[in-house]
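Worksheet: the structure to be examined is printed underneath.
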Amino acid sequence: MNFTYTSYPNQVLFGKGKTEELPSILRPYNKVMAMGEERWSSHIEKVSKALGDNKLYYFPEIIQHVPQHLVEKAMVKLKEEKPDVLLAFGGGSSVGLAKALALETKLPIIAVPTTYSGSEQTYIWGISSEEGKTTGKSMDVMPKVVIYDANLTATLPLSLAVTSGMNAMAHLMEAIYAPNGNPVTRHHALLGV
Numbered sequence: 169m170n171f172t173y174t175s176y177p178n179q180v181l182f183g184k185g186k187t188e189e190l191p192s193i194l195r196p197y198n199k200v201m202a203m204g205e206e207r208w209s210s211h212i213e214k215v216s217k218a219l220g221d222n223k224l225y226y227f228p229e230i231i232q233h234v235p236q237h238l239v240e241k242a243m244v245k246l247k248e249e250k251p252d253v254l255l256a257f258g259g260g261s262s263v264g265l266a267k268a269l270a271l272e273t274k275l276p277i278i279a280v281p282t283t284y285s286g287s288e289q290t291y292i293w294g295i296s297s298e299e300g301k302t303t304g305k306s307m308d309v310m311p312k313v314v315i316y317d318a319n320l321t322a323t324l325p326l327s328l329a330v331t332s333g334m335n336a337m338a339h340l341m342e343a344i345y346a347p348n349g350n351p352v353t354r355h356h357a358l359l360g361v
């Protein structure tokens, strides 16, 4: 058997309370553009206060499937605020919006996923429009740091946790049977199941 396995160049932090490390991770940057659903605004505000001096701008508008009009609106704010890092806080749609912005700007992404979409561990991006969904692959959208905080995922409403978990299972099954899979990804997928 011949195969190639590429390990992505990101740092992963996992554990209860790991989001407490966000200020120290973000402090080296001049300006942060955070995006996330309203339900996470208190967490983002806490990070903003820890950074101080208006170092964080919060874009709270998140829409499923990352519609083009939302990307354009966020890009206008990005150009006004001039961040040098993107913070995606929440579900796959928050990460997806950060990826859409990074695709054009090449800004690094720090991701704090709160669902099980898995988007934070891929270099695949997607933007939807009336014509359909455009997807692609670019290492420019791969988050630099991913923080999994069990305290956050434990607060998901049961209905969201179930649907998100089923989505994760679908991704795992896909990885097991993917024609371009390899023993490493297959092993990890089997562990996940």
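If you count by my numbering, then the sequence shown holds residues 169 to 361, one letter each, in order. The C-beta atom is built at its ideal place from N, Cα and C for all residues, glycine as well. Bear in mind that the values here come from a model prediction, so they are computed numbers and not experimental data.
Residue Thr282 holds the alpha-carbon nearest to the alpha-carbon of Lys186 among Ala343, Leu324, Ala346, Thr282. Under the three-state reduction of DSSP, Tyr316 is assigned to strand.
Using a Cβ distance threshold of 8 Å, Lys223 and Val200 count as a contacting pair. Judged by their CB atoms, Tyr225 and Ala242 are not nearer to each other than the 8 Å cut-off. Ranking Ser306, Ser192, Thr303 by CA distance to the CA of Lys214 puts Ser192 first.
Straight through space, the alpha carbons of Glu272 and Leu255 are spaced by roughly 16 Å. Looking only at Ile277, Gly286, Thr321, the smallest Cα-Cα distance to Gly183 is reached by Thr321.
Between Pro311 and Ala279, the beta carbon gap of about 4 Å places them in contact (Cβ cut-off 8 Å).
For Lys274, the secondary structure class from DSSP, reduced to helix, strand or coil, is coil.
A direct Cα-Cα distance of roughly 35 Å separates Arg195 from Ser327. Non-local C-beta neighbours of Val239 in its own chain, meaning closer than 8 Å and more than five positions away in sequence, comprise Leu265, Ala268, Leu269, Ile295, ordered along the chain.
Taking a C-beta distance under 8 Å as the contact criterion, Gln236 and Ser261 do not qualify as a contact pair. In the three-state scheme derived from DSSP, where H, G and I count as helix and E and B as strand, Gly360 is classed as helix. For Gln179, DSSP records a beta bridge to Val313.
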